[in-house]
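*Asks:* Supplied in structure tokens, the structure appears directly below.
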Amino acid sequence: MIIPSVIEHSLRQQAKQGQTLNVYLYEMSRMRRKINCLKRLMPAGVEVFYAMKANPHPAFLAAAIEEQVTGIEIASLGEANKAIKAGFHAEQMIYTGPGKSIEELQWSVQHGVRTIHIESLVEAYRLNQVCADLGKKQDVLLRINANFDIHDAQTTFSGGSKKFGIDEEQLDVALPQILALEHLNFHGLHVYAASGVLNVDDLLHNCQLVFDLTQRIEQQYAGVQCDIIDFGGGFGVDYLEENNDFDPEAYAIGLSKMIQDYGFEGRHFVLELGRWLAADCGWFCTEIIDIKTSRGKKQLVCAGGINHFRRPAALAINHPMGIVSLGRDKLFAAQESVRQESVYFGGPLCTSADKLANDVFIEAADVGDIAVFGLAGAYGLSMSNTGFLSHALPQEIVVTKEES
Ligand SMILES: Cc1ncc(COP(=O)(O)O)c(C=O)c1O
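Those letters in the sequence shown? Residues 1 to 404, per my numbering, in order.
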């Protein structure tokens with residue numbers, strides 16, 4: 001991985017302060033460019049929402065607001081509060097995710113969240129009750145667990161037995177009940193198949209499946225129209241550095257043709273994107289505290305581990321990475337270094353699950369250097385085990401290109 005000069009410069013500046021380095025560095029220009037790229041490419045009716053679970057840091061929310069995304073996808077009251085603080089309005093929020101509490105539903109109805117995406121019949125009845133108590137009606141989408149899954153995706157959200165949505169096969173039982181709930185206004189479907197998808201055709205296949213389902217529902221239930229169709233997130237990034245980036249232009253062309261083929265012009269199509277917008281705006285940078293050989297393999301222990309950057313261990317992949325060499329003095333003459341070898345990177349936690357990378361080839365690294373993990377802007381700190389061993393949280397610093 002090539003470490004951008006703005007990141008290296010910032011690390012060298014921070015190193016001068018003499019504190020152990022353990023920091024997320026964020027540089028937001030890529031997310032801004034990507035939002036604008038989508039706005040330019042996507043066919044009429046496509047609305048881009050930022051899925052803030054990818055990174056709820058204020059810099060990401062500010063970039064989303066300033067580049068004028070349609071809105072924000074939230075999945076908890078905590079996210080709603082952060083989004084409001086950043087300047088989003090409740091009418092720009094779509095509320096997804098299983099297990100919404102009664103307090104979260106009440107807040108959403110009271111504040112006028114744009115759509116609540118129903119994940120089960122229990123949730124539909126609970127929301128209807130909340131609306132009745134508040135004397136309000138709520139626009140909703142129904143999340144479907146489609147009978148379809150994308151095999152090579154990093155994480156699948158549909159197909160098989162899932163906690164997400166209502167199984168497609170149960171629709172004929174569930175939908176009439178939801179349509180009959182008098183405080184809910186049904187507006188359409190939400191089918192989010194998978195996350196981290198690099199193959200455009202796979203995601204377009206999901207769109208086609210949703211369009212087929214939409215047609216079937218509209219034929220079967222007189223007077224019902226799905227004027228909003230939500231495809232979830234899913235655009236992948238190239239963690240394995242295989243020159244295999246998701247191609248938004250090919251997706252836009254395919255989706256545009258499909259909208260025309262089905263005669264679906266005039267509807268709203270929602271994309272709730274997290275990873276693709278946020279991943280390449282973040283680097284997790286952590287100081288190499290120790291290097292030792294154990295049974296023939298170098299073990300590098302860093303200041304932060306899965307308490308601060310859990311994703312590589314959780315997904316069992318190595319992120320792209322590089323080393324910033326700081327040329328610090330050795331503590332003793334025989335102190336070990338790494339020179340052109342494959343090594344293991346771990347953190348300071350008392351569990352062998354605490355892995356940052358394994359079998360990664362490193363040109364050169366010494367104690368005191370900084371290991372820099374790229375594509376860490378999405379599902380980095382927010383997905384980590386921050387409480388385990390009670391280490392201080394890493395800093396989160398926003399850098400701008402002019403600083404280099
Ligand atoms: C409901 C929902 N929408 C959107 C996203 C964002 O997905 P991605 O980061 O793959 O774009 C997620 C991620 O888990 C999700 O659960």
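No residue lacks a Cβ here, since even glycine has one placed at the ideal position from N, Cα and C.
Between the beta-carbon of Leu-184 and the beta-carbon of Ile-144, is there less than 8 angstroms?
*Replies:* Reading the sequence shown from its first residue, position 184 is the one you call residue 184. Reading the sequence shown from its first residue, position 144 is the one you call residue 144. Against a cut-off of 8 angstroms, the Cβ pair of Ile-144 and Leu-184 comes out as no contact.
*Asks:* Applying the criterion that 16 or more other CB atoms from any shown protein chain within 10 Å of the CB defines a buried residue, is Asn-206 buried or exposed?
*Replies:* One-based indexing of the sequence shown puts residue 206 at position 206. The residue is buried, with at least 16 neighbouring Cβ atoms inside 10 Å.
*Asks:* Who pairs with Val-338 in a beta bridge, going by DSSP?
*Replies:* In the sequence shown, residue 338 corresponds to position 338, counting from 1. Looking at the DSSP assignment, Val-338 forms a beta bridge with Ala-365.
*Asks:* Taking the C-alpha atoms as reference points, what is the distance between His-117 and Thr-96?
*Replies:* In the sequence shown, residue 117 corresponds to position 117, counting from 1. In the sequence shown, residue 96 corresponds to position 96, counting from 1. Those two C-alpha atoms are separated by around 5 angstroms.
*Asks:* What distance in whole Å lies between the Cβ atoms of Leu-375 and Tyr-24, which are believed to be in contact at a cut-off of 8 angstroms?
*Replies:* The residue given as residue 24 occupies position 24 in the sequence shown. The residue given as residue 375 occupies position 375 in the sequence shown. 12 angstroms between Cβ atoms; not a contact.
*Asks:* By the DSSP assignment, the alpha helix (DSSP H) with Leu-11 in it spans what residues?
*Replies:* To locate residue 11, count along the sequence shown from 1; it is residue 11. Start and end: 5-15.
*Asks:* If you reduce the DSSP assignment to three classes, tell me which class Met-31 lands in.
*Replies:* By 1-based counting over the sequence shown, the position of residue 31 is 31. Helix, per DSSP.
*Asks:* With DSSP collapsed to three states, give me the class of Asp-245.
*Replies:* Walking along the sequence shown from the start, residue 245 turns up at place 245. It is coil, neither helix nor strand.
*Asks:* Taking the alpha helix (DSSP H) that Lys-82 belongs to, which residues open and close that run?
*Replies:* Residue numbering aside, residue 82 sits at position 82 when the sequence shown is read from its first letter. Where Lys-82 is concerned, the enclosing alpha helix (DSSP H) stretches over 77-86.
*Asks:* Using the Cα positions of Ser-342 and Asp-369, report the straight-line distance between them to the nearest angstrom.
*Replies:* Walking along the sequence shown from the start, residue 342 turns up at place 342. Walking along the sequence shown from the start, residue 369 turns up at place 369. Each residue's alpha carbon lies about 17 angstroms from the other.
*Asks:* Bridge partners for Phe-269 per DSSP, in chain order?
*Replies:* Your numbering for residue 269 matches position 269 in the sequence shown. Partner(s): Val-46 and Ile-229.
*Asks:* Taking C-beta to C-beta, are Ala-303 and Thr-20 nearer than 8 angstroms?
*Replies:* Along the sequence shown, one-based indexing puts residue 303 at 303. Along the sequence shown, one-based indexing puts residue 20 at 20. Yes, these two residues count as a Cβ contact at 8 angstroms.
*Asks:* Kindly indicate which residue of Gln-17, Tyr-26 and Asn-318 has the alpha-carbon position closest to the one of Tyr-239.
*Replies:* For the purposes of this step, residue 239 is taken as the residue at position 239 of the sequence shown. Comparing Cα positions, the closest option is Asn-318.
*Asks:* Provide the residue(s) that pair with Phe-186 in DSSP beta bridges, ordered along the chain.
*Replies:* The residue labelled residue 186 in the question sits at position 186 within the sequence shown. Bridge partners of Phe-186: Val-140.
*Asks:* Is it right to say His-111 is buried, meaning 16 or more other beta carbons lie within 10 angstroms of its own, or is it exposed?
*Replies:* Here residue 111 refers to the residue found at position 111 of the sequence shown. The residue is exposed, with fewer than 16 neighbouring Cβ atoms inside 10 Å.
*Asks:* Please determine, among Phe-345, Arg-339, Asp-245 and Gly-327, the residue with the shortest C-alpha to C-alpha distance to Gly-286.
*Replies:* Here residue 286 refers to the residue found at position 286 when the sequence shown is read from its first residue. Gly is not the amino acid found at residue 286; the sequence shown has Thr there. Nearest option by C-alpha distance: Phe-345.
*Asks:* Is Phe-235 near ligand 1, going by C-beta to nearest heavy atom under 7 angstroms?
*Replies:* The sequence position of residue 235 within the sequence shown is 235, counting from 1. Phe-235 Cβ: within cutoff of ligand 1.
*Asks:* Beta carbon of Tyr-192: closer than 7 angstroms to some heavy atom of ligand 1?
*Replies:* In the sequence shown, the residue the question calls residue 192 occupies position 192. Correct: Tyr-192 has its Cβ closer than 7 angstroms to ligand 1.
*Asks:* Does the beta-carbon of Glu-403 have 16 or more other beta-carbons within 10 angstroms, so that it is buried, or is it exposed?
*Replies:* Residue 403 sits at position 403 when you count from the first residue of the sequence shown. Reliability fails at Glu-403, whose pLDDT of 49 lies under 50, so the model's placement of it is uncertain and no value is given.
*Asks:* Given the structure, does Leu-181 come close to ligand 1, in the sense that its CB is under 7 angstroms from one of the ligand's heavy atoms?
*Replies:* The residue labelled residue 181 in the question sits at position 181 within the sequence shown. No, the beta carbon of Leu-181 sits no closer than 7 angstroms to any heavy atom of ligand 1.
*Asks:* Could you check if Lys-401 is buried or exposed, using at least 16 other CB atoms within 10 Å of its CB as the buried criterion?
*Replies:* Walking along the sequence shown from the start, residue 401 turns up at place 401. Looking at its Cβ environment, which holds fewer than 16 other Cβ atoms inside 10 Å, Lys-401 is exposed.
*Asks:* Taking the beta carbon of Phe-361 as the centre, do at least 16 other beta carbons fall within 10 Å, making it buried, or is it exposed?
*Replies:* Numbered from its first residue, the sequence shown carries residue 361 at position 361. Exposed.
*Asks:* Taking the C-alpha atoms as reference points, what is the distance between Phe-269 and Ile-259?
*Replies:* Within the sequence shown, the letter at position 269 stands for residue 269. Within the sequence shown, the letter at position 259 stands for residue 259. Taking the straight line joining both Cα atoms gives about 10 angstroms.
*Asks:* From the beta carbon of Leu-209, is the nearest beta carbon of chain B less than 8 angstroms away?
*Replies:* Within the model displayed, chain B is absent; a lone protein chain is all it includes.
*Asks:* For Phe-186, does the count of other Cβ atoms within 10 angstroms reach 16, so buried, or fall short, so exposed?
*Replies:* Translated into the one-based positions of the sequence shown, residue 186 becomes position 186. Flag for Phe-186 reads buried.
*Asks:* Relative to the alpha-carbon of Pro-36, which residue among Phe-231, Ile-65, His-89 and Lys-100 has its alpha-carbon at the smallest distance?
*Replies:* Residue mapping note: residue 36 aligns to position 36 of the sequence shown, counting from 1. The sequence as given places Asn at residue 36; Pro does not occur at that position. Checking every option, the nearest Cα to that of Asn-36 belongs to Ile-65.
*Asks:* So if DSSP puts Glu-396 in a beta bridge, which residue, or which two residues, is it bridged to?
*Replies:* Taking the sequence shown and counting its residues from 1, the one referred to as residue 396 is at position 396. According to DSSP, Glu-396 bridges with Tyr-24.
*Asks:* May I ask you to list the residues that DSSP assigns as paired with Lys-355?
*Replies:* In the sequence shown, residue 355 corresponds to position 355, counting from 1. Paired residues: Gly-346.
*Asks:* Any idea which residues DSSP pairs Met-93 with across the strands?
*Replies:* Indexing the sequence shown from 1 puts residue 93 at position 93. Looking at the DSSP assignment, Met-93 forms a beta bridge with Ile-72.
*Asks:* Is the separation between the beta-carbon of Gly-236 and that of Tyr-192 shorter than 8 angstroms?
*Replies:* Along the sequence shown, one-based indexing puts residue 236 at 236. Along the sequence shown, one-based indexing puts residue 192 at 192. Going by C-beta atoms, Gly-236 is not nearer than 8 angstroms to Tyr-192.
*Asks:* Report yes if the C-beta of Trp-276 is less than 7 angstroms from at least one heavy atom of ligand 1; otherwise report no.
*Replies:* For the purposes of this step, residue 276 is identified with residue 276 of the sequence shown, where counting begins at 1. Yes, Cβ of Trp-276 sits closer than 7 angstroms to a heavy atom of ligand 1.
*Asks:* I want to check one thing, is the minimum distance from the CB of Ala-378 to the heavy atoms of ligand 1 below 7 angstroms?
*Replies:* Position 378 of the sequence shown holds residue 378. Because some heavy atom of ligand 1 lies under 7 angstroms away, the Cβ of Ala-378 counts as near it: yes.
*Asks:* Buried or exposed, going by whether 16 or more other CB atoms sit within 10 Å of the CB of Gln-138?
*Replies:* Taking the first residue of the sequence shown as position 1, residue 138 is located at position 138. Gln-138 comes out buried.
*Asks:* I want to check one thing, is the minimum distance from the CB of Leu-54 to the heavy atoms of ligand 1 below 7 angstroms?
*Replies:* Position 54 of the sequence shown, counting from 1, holds the residue named residue 54. Sequence inspection shows Ala at residue 54; the Leu mentioned does not correspond to that position. The answer is yes for Ala-54.
*Asks:* Under 7 angstroms: does the beta carbon of Leu-273 sit that close to some heavy atom of ligand 1?
*Replies:* For the purposes of this step, residue 273 is taken as residue 273 along the sequence shown, with counting starting at 1. Yes; taking the cut-off as 7 angstroms, the Cβ of Leu-273 has a heavy atom of ligand 1 nearer than that.
*Asks:* Closest by CA to Gly-266, which one among Gln-225, Thr-293 and Ala-252?
*Replies:* Start at 1 with the first residue of the sequence shown, and residue 266 comes out as number 266. The residue with the shortest Cα to Cα distance from Gly-266 is Gln-225.
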